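Q: Before I ask anything, here is the structure I am working with.
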Amino acid sequence: MTESYQPHDIEVKWQQKWEASELYRSRVDWDKPKHYALTMLPYPSGDLHIGHWFAMTPSDARARWMRMKGYNVLFPMGFDAFGLPAEQAAISRNIHPWKWTYANIERMREQLRSMGAMFDWEREAISCRPEYYKWSEWFFKKFYEHGVAYRGSALVNWSETLQTVLANEQVIDGKDERTGQPVIHKMMEQWFFRITQYADELLDFAGMDWPESIKIMQTNWIGRSEGARATFHTEVGGHPIQIYTTRPDTLWGATFMVLAPEHDLVEKITTDAQRAAVEHYIDEIAAETEVERMMEHREKTGVFTGAYAINPVNDEKVPIWIADYVMVTYGTGAIMAVPAHDQRDFEFARAQDLPIRVVIQPEDMAEPLTEAAMTEAYDGPGLMVNSGAMDGSVSSWQKGRKNPAINRVIDWLEATGKGEEAVNYRLRDWLISRQRYWGGPIPMMYDGDEIVPVPDDELPVELPEDVDFAPTGRSPLTYHEPFFKVDDARRRETDTLDTFMCSSWYQLRYLSPDCDTAPFDADEAAYWLPVDVYTGGAEHAVMHLLYTRFFTKVLRDIGVYDDAAAAMRRHGRDPDGVFDEPMTVLRNQGQVLGGERQGDFALCSGRVVGERMLAERVEVVDWNQVPAGFEGWFGEIVHRTENVLHLNMAGLTQFVEVLPEAEIVIPHIVGANNVNQLQHHLDIQRMSKSKGNVVNPDELVEKYGADVVRCYLMFNFDWQKGGPWNENNIKGPQGWLHDIWEIAMAGAPANAGDPAAERDISRKLHQTIAVINRGLEEFSFNTAIAEQMKFKNSLKAALRAQAIGAEFWRDVMSQVIRLLAPFAPHIAEEMWLRLGWDYSVHTQPWPEYDADLAREETVDLVVMVNGKPRATIAVTVDIERERAQELALASEAAQRFLKGAPPKRAIFIPGRNGSDPKVNIVV
RNA sequence: GCCUCCGUAGCUCAGGGGUAGAGCGCUCCCUUGGUAAGGGCGAGGUCAUGAGUUCAAAUCUCAUCGGAGGCUCCA
3 MTESYQPHDI EVKWQQKWEA SELYRSRVDW DKPKHYALTM LPYPSGDLHI
53 GHWFAMTPSD ARARWMRMKG YNVLFPMGFD AFGLPAEQAA ISRNIHPWKW
103 TYANIERMRE QLRSMGAMFD WEREAISCRP EYYKWSEWFF KKFYEHGVAY
153 RGSALVNWSE TLQTVLANEQ VIDGKDERTG QPVIHKMMEQ WFFRITQYAD
203 ELLDFAGMDW PESIKIMQTN WIGRSEGARA TFHTEVGGHP IQIYTTRPDT
253 LWGATFMVLA PEHDLVEKIT TDAQRAAVEH YIDEIAAETE VERMMEHREK
303 TGVFTGAYAI NPVNDEKVPI WIADYVMVTY GTGAIMAVPA HDQRDFEFAR
353 AQDLPIRVVI QPEDMAEPLT EAAMTEAYDG PGLMVNSGAM DGSVSSWQKG
403 RKNPAINRVI DWLEATGKGE EAVNYRLRDW LISRQRYWGG PIPMMYDGDE
453 IVPVPDDELP VELPEDVDFA PTGRSPLTYH EPFFKVDDAR RRETDTLDTF
503 MCSSWYQLRY LSPDCDTAPF DADEAAYWLP VDVYTGGAEH AVMHLLYTRF
553 FTKVLRDIGV YDDAAAAMRR HGRDPDGVFD EPMTVLRNQG QVLGGERQGD
603 FALCSGRVVG ERMLAERVEV VDWNQVPAGF EGWFGEIVHR TENVLHLNMA
653 GLTQFVEVLP EAEIVIPHIV GANNVNQLQH HLDIQRMSKS KGNVVNPDEL
703 VEKYGADVVR CYLMFNFDWQ KGGPWNENNI KGPQGWLHDI WEIAMAGAPA
753 NAGDPAAERD ISRKLHQTIA VINRGLEEFS FNTAIAEQMK FKNSLKAALR
803 AQAIGAEFWR DVMSQVIRLL APFAPHIAEE MWLRLGWDYS VHTQPWPEYD
853 ADLAREETVD LVVMVNGKPR ATIAVTVDIE RERAQELALA SEAAQRFLKG
903 APPKRAIFIP GRNGSDPKVN IVV
């Protein structure tokens, strides 16, 4: 009897051995090809969840595979350790953020070790340590010196809940993306990075193997558009009002102008008669949150300023309005309104009874467009009309200069000095300062109005530890005098850095986390950069993934990579283009969702009042086990809000209000039960603590072992899609590893082998290798494992048939174990040892795929008649057209349909990559 | 409203112009000295729907329906 597979006995043992023998230390070795595999670093929230496992263990498998293929692999791990949760813990539970963060890191580090991943812990980087944020500060200073960082006034997103500003990228639908609380727009002086300067370069994804969806999201976010700028002047005072438009061909159709309520000029141009109305409107808008302002199908509102502007193209006088459908944050914050050809302007014109003038007349319409007949704006192609000298120009569907009418108008605007071609971006500069404590200090001081950078030799500006976390809503730095008071003249900046700044360059810090003379060691960078494969969630598409690209380009432009480039040249590697982008290949994993759960089946008794029952007793019973004579209500709890149960009673939803003093009986929960313990039905959805569908990886490792959990995660989902959790399916990978273990422990067979059967197994093995290679290459981990399962089944059948000899068995097992090693590193290492091979399986060469061995020798020739398969004939693989057609036509099946008559045609399809050859006979 | 991706067995997913596949689950049988288990046999699919291209369509094209994600008063 063989020893059964006991994951716990072997996993911790090997994790310790790997660490003691420095198996995963990655060192620069210019004689070997490098591979920098990176997976997004976690935020130390306290517990590793299954999502981390799902993101990291397949990436680990792939990194291990690259290593066995002969690459020198760097696969580091660290923590993105600044952020609000630590500060909130400090405020609500009086734990210092340092303490909270470091305790969590300790815990998560242990959990990460339990994965058995090949992380090189000597390269760990933690963004909240002074050794790290010294360089975040240093980068900030460099950016400031090069004009990339600047302090400016802008309308920013302010979160009342968090008492801080947020970057545009952190605001979704007018709400903070983390807390879901609404934000308001506020004019504030803040620190920014000039990411807009890089907008065009960020739109260029040449040479980047990134998911199409991410490239599209970034492209949309940057929002480049082409058009023209023109300047209108107010009739009184001649104030210039610059507008941006993508449709300069409709300039003659401008019948009014609209300024954003926040526009600078509003105050200056408003007439006394309109002042009260305008101020009232502005106050109303200011009180609104972004959410309210973005409500769909909202009636368009606005107020006349009393002022008029002169349209430069035709000297017409048009009224100037303010309205909140014009955003101060986009373009110039002012528009020329062309109601005939812009839907928003059309709606506003109708609502305010403003004139509409057609200036693009479609050519193929039965009735020409007229103001009176229009029910919506027309934004299609046509001929310019009512446009003076431009009349007759053809406006197409094309955008920008490609549109003949737009092209002609831009030329004309430039020739007459009335305007010029312009490109506009939706992207705003990156707001980098936060009014919080737990972030990297901004190394700046104020001497009166003057901004003074902290000298390099005083970096890092350290966060003071002895701060008071009173729930004032303000950052404790703002009332910590030893911190903010540098001397009598100078006051220190108390805002801190957005954590996304810290994570924009962490891939560089891993290169040399202990380097104290530079953010990273030039020689390490010369060897390892750029990141070859980056894996992580798609939710960072327009935040982290855009920021880190921007960061990389700035570093390149300000010379931070110069030493690394020189080192590369010394080693004969061309640095050209290496530092343009941080990550060459990007892949996003999907999300593991909570599985479906049945609600408790409950018996409720009490009084029925109107439509609902006031229950005095609720008992959970086995499904449908209703005692005879039970007179209350019963059924599955489909939903529960507080103490109200929604009971599915034979398809009908009934409401049961559980009284405060009611007796609750839940047999599987011992002790006194309460209403909160009643479980309601759960559909497939995101895992979250509040929904009670969180899967704890520690428990799974305890129950099944890390290798089984790894394989389950890789096997049961399409990694790039994710899917619902179903622990039942874990038995598949579990049984598979058990079987391989059994086969290995049973030892070499005593019987002699059957050459034909061995040849067949060998063929299947090489076919399997090909599929695993492809699966790992393409992040299709599930197929790589399914194929190994199939091979195991074939091997097992051959062993049972006593068709395999000892020598062949050893050779096959050597390959099977190596193929398994990236997926299930512990069991592979253990079997490798037990079969008598040298430590470690993870440094062995990856089995070489042999196409000759994989090739089939005989195949079934499929005989089809009119496209329907009718018979098969065993033939050699390399069968020729004539011979195949001959055999097919002579076959009994073909003759049955031909009945002696000659066929209309016979089409031979040679067998390729695994498919059988065919002959289709058309009768 | 726009953009992207996706509809294949009960579930999770491969495949992809040429006989419909895997794992789990399920049926039945065997084992009960591997036992919160093992072995064997098997059932199960008009590949979302409709049309087109083709000798041949699950696969390519178009339309429709359904799902997921992203953007959205962007001038």
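Residue numbers (the working numbering): 3 to 925. Note that the Cβ used here is the ideal one computed from N, Cα and C, for glycine as well. None of the values given here were measured: they were computed from a predicted structure.
1) If I measure Cβ to Cβ from A708 and keep anything under 8 Å in the same chain, skipping five residues before and after, which residues do I get?
2) Tell me which same chain residues have a C-beta within less than 6 Å of the C-beta of E423, skipping the five on either side of it?
3) If you follow the beta strand (DSSP E) that A339 is in, where does it begin and where does it stop?
4) Is it the case that the stretch 302-313 contacts the stretch 203-220, given that we only count it when at least three CB pairs across the two stretches are under 8 Å?
5) Rounded to a whole number of angstroms, what is the C-alpha to C-alpha distance between K34 and D211?
6) So, helix, strand or coil for Q846, using DSSP?
7) Quick check on DSSP: helix, strand or coil for N74?
8) Where does the unbroken alpha helix (DSSP H) through L739 begin, and where does it stop?
9) Kindly indicate which residue of A262, G402, A57, P132 has the alpha-carbon position closest to the one of G226.
10) What did DSSP end up calling T204 once you bin it into helix, strand or coil?
11) Report the option in W738, R802, A278 whose CA atom is closest to the CA atom of A752.
12) Quick one: using the 10 Å Cβ neighbour count with 16 as the cut-off for buried, is D468 buried or exposed?
13) How far does the beta strand (DSSP E) with D449 in it extend, from its first residue to its last?
14) Roughly how many angstroms lie between the CA atoms of L822 and Y851, to the nearest whole one?
15) Run the CB neighbour count on S628, radius 10 Å, all protein chains shown included, and call it buried at 16 or more, exposed below.
16) Just list the residues that DSSP pairs C606 with in beta bridges.
17) By the DSSP assignment, the beta strand (DSSP E) with F781 in it spans what residues?
18) Tell me which residues share the same chain as E464 and place their Cβ nearer than 7 Å to its Cβ, disregarding the 5 neighbours each side in the sequence.
19) Can you name, in chain order, every residue of its own chain whose Cβ lies under 6 Å from the Cβ of Q113, other than the five neighbours on each side?
20) Determine the burial state of M58: buried for a count of at least 16 other Cβ atoms within 10 Å of its Cβ, exposed for fewer.
21) Exposed or buried, what is I434 when buried is set at 16 or more other beta-carbons lying within 10 Å of its beta-carbon?
22) Does the Cβ of E541 have 16 or more other Cβ atoms within 10 Å, making it buried, or fewer, making it exposed?
23) In the DSSP assignment, find the alpha helix (DSSP H) that holds Q199 and state where it starts and stops.
24) According to DSSP, simplified to helix, strand and coil, what is D534?
25) Terminal residues of the continuous beta strand (DSSP E) containing L891?
26) Under a three-way DSSP split, which group does P462 fall into?
27) For W16, name the three-state secondary structure that DSSP assigns.
28) Answer with buried or exposed for V924, where buried requires no fewer than 16 other C-beta atoms within 10 angstroms of its C-beta.
29) Can you tell me which of the three DSSP states A289 falls into?
30) Applying the criterion that 16 or more other CB atoms from any shown protein chain within 10 Å of the CB defines a buried residue, is T519 buried or exposed?
31) Would you say A342 and V260 are within 8 Å of each other, going by their C-beta atoms?
32) Would you decide whether I174 is buried or exposed? Buried here means 16 or more other CB atoms lie within 10 Å of its CB.
33) Straight-line CA distance for V711 to A788?
34) I'd like the span of the alpha helix (DSSP H) that includes A232, first residue to last.
35) Candidates I197, S155, T181, L588: which alpha carbon is nearest M189's?
36) Please report the residue range of the beta strand (DSSP E) in which R729 lies.
A: According to the structure data:
1) Position 706 of the first sequence, counted from the first residue, corresponds to residue 708. Result list for A708: P9, E13, S116, M117, G118, H828, in chain order.
2) Position 421 of the first sequence holds residue 423. These residues qualify, in order along the chain: A230, I412.
3) What you label residue 339 is simply residue 337 of the first sequence in a count that begins at 1. Taken as a continuous stretch (DSSP letters only), the beta strand (DSSP E) holding A339 covers 336-339.
4) no
5) Taking the first residue of the first sequence as 1, we reach residue 34 at position 32. Taking the first residue of the first sequence as 1, we reach residue 211 at position 209. If I take the Cα positions, the gap works out to 23 Å.
6) The residue labelled residue 846 in the question sits at position 844 within the first sequence. Residue state, collapsed to three classes: coil.
7) Start at 1 with the first residue of the first sequence, and residue 74 comes out as number 72. If DSSP states are grouped into helix, strand and coil, N74 belongs with the strands.
8) As a position in the first sequence, residue 739 is number 737, starting the count at 1. Run containing L739: 733-747, per the alpha helix (DSSP H) assignment.
9) Your numbering for residue 226 matches position 224 in the first sequence. Note on identity: in this sequence residue 226 is Arg, with Gly being the wrong assignment. Comparing Cα positions, the closest option is G402.
10) The residue given as residue 204 occupies position 202 in the first sequence. Contrary to the premise, residue 204 reads as Leu rather than Thr in this sequence. DSSP places L204 in helix when its eight states are reduced to three.
11) By 1-based counting over the first sequence, the position of residue 752 is 750. A752 has its Cα closest to that of R802, out of W738, R802, A278.
12) The residue you call residue 468 lines up with position 466 of the first sequence. D468 comes out exposed.
13) Walking along the first sequence from the start, residue 449 turns up at place 447. Unbroken beta strand (DSSP E) run through D449: 446-449.
14) One-based indexing of the first sequence puts residue 822 at position 820. One-based indexing of the first sequence puts residue 851 at position 849. So the two alpha carbons sit approximately 15 Å from each other.
15) Taking the first residue of the first sequence as 1, we reach residue 628 at position 626. For the record, residue 628 in the displayed sequence is Val; it is not Ser. The residue is exposed, with fewer than 16 neighbouring Cβ atoms inside 10 Å.
16) Taking the first residue of the first sequence as 1, we reach residue 606 at position 604. Looking at the DSSP assignment, C606 forms a beta bridge with V620, W635.
17) For the purposes of this step, residue 781 is taken as residue 779 along the first sequence, with counting starting at 1. Neither: F781 is in no beta strand (DSSP E) and is coded neither H nor E.
18) The residue you call residue 464 lines up with position 462 of the first sequence. Here the set comprises P132.
19) Counting from 1 along the first sequence, the entry for residue 113 is found at position 111. Around Q113: L50.
20) As a first step, residue 58 is located in the first sequence; it is residue number 56 there, counting from the start. By the neighbour-count rule (16 or more Cβ atoms within 10 Å), M58 is buried.
21) Mapped onto the first sequence, residue 434 falls at position 432. It counts as buried.
22) Against the first sequence, residue 541 aligns to sequence position 539. Exposed is the call here.
23) Taking the first sequence and counting its residues from 1, one reaches residue 199 at position 197. Taken as a continuous stretch (DSSP letters only), Q199 belongs to no alpha helix (DSSP H), as it is neither H nor E.
24) Your numbering for residue 534 matches position 532 in the first sequence. Strand, per DSSP.
25) Here residue 891 is taken as the residue at index 889 of the first sequence, counted from 1. No beta strand (DSSP E) holds L891; the alpha helix (DSSP H) holding it covers 883-892.
26) For this step, residue 462 is matched to residue 460 along the first sequence. If DSSP states are grouped into helix, strand and coil, P462 belongs with coil.
27) Residue numbering aside, residue 16 sits at position 14 when the first sequence is read from its first letter. Three-state DSSP puts W16 in a helix.
28) Here residue 924 corresponds to residue number 922 of the first sequence, with the count starting at 1. That one is exposed.
29) Taking the first residue of the first sequence as position 1, residue 289 is located at position 287. A289: helix per DSSP, three-state reduction.
30) Here residue 519 refers to the residue found at position 517 of the first sequence. By the neighbour-count rule (16 or more Cβ atoms within 10 Å), T519 is not buried but exposed.
31) Taking the first sequence and counting its residues from 1, the one referred to as residue 342 is at position 340. Taking the first sequence and counting its residues from 1, the one referred to as residue 260 is at position 258. Result no, Cβ atoms of A342 and V260 do not sit closer than 8 Å.
32) In the first sequence, residue 174 corresponds to position 172, counting from 1. By the 10 Å Cβ count, I174 comes out exposed.
33) Residue 711 sits at position 709 when you count from the first residue of the first sequence. Residue 788 sits at position 786 when you count from the first residue of the first sequence. So the two alpha carbons sit approximately 15 Å from each other.
34) Counting from one through the first sequence, the residue named residue 232 turns up at place 230. Per DSSP, A232 belongs to no alpha helix (DSSP H); it is in the beta strand (DSSP E), 227-236.
35) Reading the first sequence from its first residue, position 187 is the one you call residue 189. M189 has its Cα closest to that of S155, out of I197, S155, T181, L588.
36) Walking along the first sequence from the start, residue 729 turns up at place 727. Here residue 729 turns out to be Glu, not Arg, going by the sequence shown. No beta strand (DSSP E) contains E729, which DSSP labels as neither H nor E.
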